[in-house]
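One structure is given below, encoded as structure tokens.
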Amino acid sequence: IAGITQAPTSQILAAGRRMTLRCTQDMRHNAMYWYRQDLGLGLRLIHYSNTAGTTGKGEVPDGYSVSRANTDDFPLTLASAVPSQTSVYFCASSKTSGSVGELFFGEGSRLTVL
Amino acid sequence: KQEVTQIPAALSVPEGENLVLNCSFTDSAIYNLQWFRQDPGKGLTSLLLIQSSQREQTSGRLNASLDKSSGRSTLYIAASQPGDSATYLCAVRGDSSYKLIFGSGTRLLVRP
């Protein structure tokens, strides 16, 4: 089934550790996004990529980095995790970063930082 | 700055009822608006996408309307079923913007 695959599904992590959340899509979408979802704050954009080789900062980029070496993969890295990064992380993609694109989401990665 | 509001925050209805979920946005200069459904512990599932030039979109029992001038969209669910219970979110894509601005969602419970 075509779509977005995220890994891991959930993870408990000690503060200060490095963590990479993986995201792969097989829809050949140009644009990809990372959101975090927190109770009371809704969905907030962390980083995005309009096309392979380019990335940009969203609303809450501090403490996170991304790379887009190819069309399919868009990993999110926490260089040194902190408890405030405890959240559910969603990867999303759209066919174009322009006005038309419908956004599709993965199932999420639940991260707990202790 | 675009702000998206969804009212009510929660709604409980008996099975079979027709219902309307509301979404309002402050900046009418949008490219499109998308409605999503989210089940507990799951990702978001796209329901309907309305382009700025459109007035409504329909999929099965769902109908979404868009009134840019008043900054409103509604999601109409006909003949509600317990399986419709979920959180419904709307999101707008602004003018020349890469990102969607999300509302906080309406949590719907359809009672058997």
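Respectively, the protein sequence lines represent chains A and B. Residues in the first sequence are numbered from 68 upward in steps of one, following our numbering. Residues in the second sequence are numbered from 17 upward in steps of one, following our numbering. Don't be surprised by glycine CBs; every beta carbon is placed ideally from N, CA and C. The model shown is predicted, which means the values in this text are computed figures rather than measured ones.
| Check | Outcome |
| --- | --- |
| Three-way DSSP call (helix, strand, coil) for aspartate 100/B in this model | helix |
| Distance CB(glycine 107/A)-CB(serine 147/A) smaller than 7 Å | no |
| Cα-Cα separation between aspartate 121/B and asparagine 137/A, rounded to whole angstroms | Position check: residue 121/B holds glycine in this sequence, whereas aspartate was assumed. Going from the Cα of glycine 121/B to the Cα of asparagine 137/A covers about 33 Å. |
| DSSP state of serine 151/A mapped onto helix, strand, coil | helix |
| Chain A residues whose Cβ lies nearer than 8 Å to that of lysine 17/B | Within 8 Å Cβ-Cβ: nothing; lysine 17/B doesn't reach chain A, min ~11 Å. |
| C-beta neighbour in chain A for leucine 60/B, strict 7 Å | yes |
| Under 7 Å between C-beta atoms of histidine 114/A and threonine 122/A | yes |
| Neighbour list for phenylalanine 141/A in chain B, Cβ cutoff strictly below 7 Å | Here the premise fails: no neighbours, minimum Cβ distance about 14 Å. |
| CB of leucine 37/B within 7 Å of CB of valine 108/B, strictly | no |
| Min CB distance lysine 15/B to chain A below 7 Å | Within the shown structure, residues of chain B are numbered from 17 to 128, placing residue 15/B beyond reach of any answer. |
| Any chain B beta carbon closer than 7 Å to leucine 106/A | no |
| Bridge-paired residues (DSSP) for isoleucine 71/A | Gln92/A |
| Backbone secondary structure at glutamine 18/B - three-state DSSP | coil |
| Rounded separation between serine 132/A and glutamate 33/B - CA only | 46 Å |
| 8 Å contact criterion, which isoleucine 46/B and glycine 119/B should meet: CB distance rounded | Incorrect: roughly 13 Å between the Cβ atoms, too far for contact. |
| 8 Å Cβ cut-off: residues of chain B touching glycine 125/A | Lys115 |
| Under 7 Å by beta carbon: chain A residues contacting leucine 65/B | Glu169 |
| Arginine 135/A versus valine 127/A: straight-line alpha-carbon distance, rounded | 18 Å |
| Any 3 or more C-beta pairs closer than 8 Å across the region 98 to 107 of chain A and the region 155 to 165 of chain A | yes |
| Near-chain A residues of the region 39 to 58 of chain B - C-beta to any C-beta below 7 Å | Tyr47, Asn48, Gln50, Lys58 |
| CB contact flag (arginine 53/B, tyrosine 92/B, <7 Å) | no |
| Contacts that serine 120/B makes with chain A (C-beta to C-beta distance below 7 Å) | Gly109 |
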